[in-house]
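Going left to right, the sequence shown walks through residues 237 to 615 as my numbering numbers them.
Even for Gly, the Cβ is constructed at its ideal location relative to N, Cα and C.
Each remark here refers to the structure printed beneath this line.
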Amino acid sequence: MKYDIMNKLQQIMEQNLIDIEQAKDRGQSAIGFYCLYSPMELAVAADAIPLPLCGTSNEPIATAEEILPRNLCPLIKSSFGFAVKDTCPFFRFSDIIIGDTTCDGKKKMFELLSRYKPTHVLQLPQSQDTAMALSLWRSELERFKKIVETQTGVAINNDRLRAAIRLMNLERGARKALMDMNKAKPAPLSGSQLLEILFKVGFLADKEKGISLMEEVVAEAKNGSFLSEDVVAGSRKRILLTGVPVGLGSDKVVKIVEQSGADVVAFENCSGYKQAFFVDEKTNPLDALAEQYLATPCSVMSPNNGRFDLLKEMIQEFSVDGVIDLTWQACHTYNVEAFRIEEFVQKTFGMPILHLETDYAESDTEQLRVRIEAYLEML
Ligand code: SF4
Ligand code: SF4
């Protein structure tokens, strides 16, 4: 019998909503996160449920535009629109929201978001390689810890934090193993399948359930029972997607690449490999969290050298034929960084790169298709 992961995942997701509701009835807190820089370990250490809230749907954007400017990143508008419309169950479940001062649009959006939910914004440094930046971030995490303790009534000691780091490292390991399967030729999972699994697993209140599900998928794929139906050995170009985060509803570029006869085999973004860095389990846990999370290679950092190192490693290890750099409209940091990314990929690998700027709407789908097909022809 065919291994039907998507059906199983759907059932787990439905049960997850019930589980969270019941946990909240029993007095457990839920904490909403908007960015990869804030360590979910602090929520896990206090027995709270961490929920990733970045909006990936076009649907709430019109509502958001009644308050926010139209020429703002769709991720910010989508996130805010969900809050205004109260249509995201995970936002509704969240007792408190944690944001970071990443890009200008997001940090100003949090000021308005605080009208809908208690919101705490961490002051994220804009660079990674100075002692001052690390010490500021460490002190912000101390402040964050106290907020979580007040919210949950649980004192977070080092043992609790270490246990949370261990659990989250297991989750990172399972995510990485899942993504690394696509180093094989042909890739066992299509980009859409991989994205859907990674995206949905992030919402599971029971992290161990998510870990064993990802391990199960890896085991099934190793048995050969889970090859993407579209895959024809060796005939499809292998694409790496870099740039802004993508998720269900904001995955049109992934779909167009697949419809055009290629595979997105790797995601170098928040939805993918940026979530695969391990936190040191041996040193002081808050120091280790501050150091590893601050090192996240996102374009809001200046300079953002870690992204170049990660890209180089991934282009080689996933044996990709091409790179697509995706920017959401009005995302200045990724948009400006695109020039250096193109220069780097061309100089290092002699590979052409396609930079796309779009939003969550479907109106430019055919234009994107023409550009993507032309790019694939060049490879
Ligand atoms: S792209 Fe950067 S700012 Fe946006 S969620 Fe990811 S880490 Fe945060
Ligand atoms: S994609 Fe860019 S503009 Fe949008 S939230 Fe992330 S960093 Fe900010």
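Remark: C-beta atoms of P296 and L397 do not approach each other more closely than 9 Å.
S599 and N405 have their C-alpha atoms roughly 40 Å apart. Excluding five sequence positions before and after E517, the CB atoms of its chain that fall closer than 7 Å to its own CB belong to R398, I401, R402, N405, given in chain order.
The nearest non-hydrogen atom of ligand 2 is 8 Å or more from the C-beta of V572.
For D561, the number of other beta carbons within 10 angstroms of its own is at least 16, and it is reported as buried.
Beta-bridge pairing by DSSP links F544 to no other residue. Counting C-beta pairs closer than 8 Å gives three or more between the segment 338-345 and the segment 297-315, which meets the contact rule.
Sixteen is the threshold: when 16 or more other Cβ atoms of the shown chains lie within 10 Å of the Cβ of I334, as they do, the residue is buried. For V482, the three-state secondary structure derived from DSSP is coil.
Secondary structure remark: continuous alpha helix (DSSP H) runs of at least 4 residues inside the segment 261-321, in chain order: 277-281, 297-300, 310-321. Three or more Cβ pairs closer than 8 Å define a contact, and the segment 237-252 meets that threshold against the segment 433-447.
Taking 9 Å as the cut-off, the Cβ atoms of S330 and L287 count as close.
For the options L289, T337, L592, the alpha carbon positioned closest to that of F316 is the one of L289. In the same chain as A531, and ignoring 5 residues on each side of it, the C-beta atoms closer than 8 Å to its own belong to Q364, F513, G542, in chain order.
Selection A281, N243, F269, P305 evaluated against A566 yields P305 as nearest (Cα-Cα). T299 is positioned such that its CB atom lies no closer than 9 Å to that of L484. Short note on Y270: C-beta closer than 8 Å to some heavy atom of ligand 1. When L370, I285, L434, A279 are compared, the shortest CA-CA separation from D255 is found for I285. In this structure, R607 places its C-beta atom within 9 Å of the C-beta atom of L592. Beta-bridge pairing by DSSP links K488 to no other residue.
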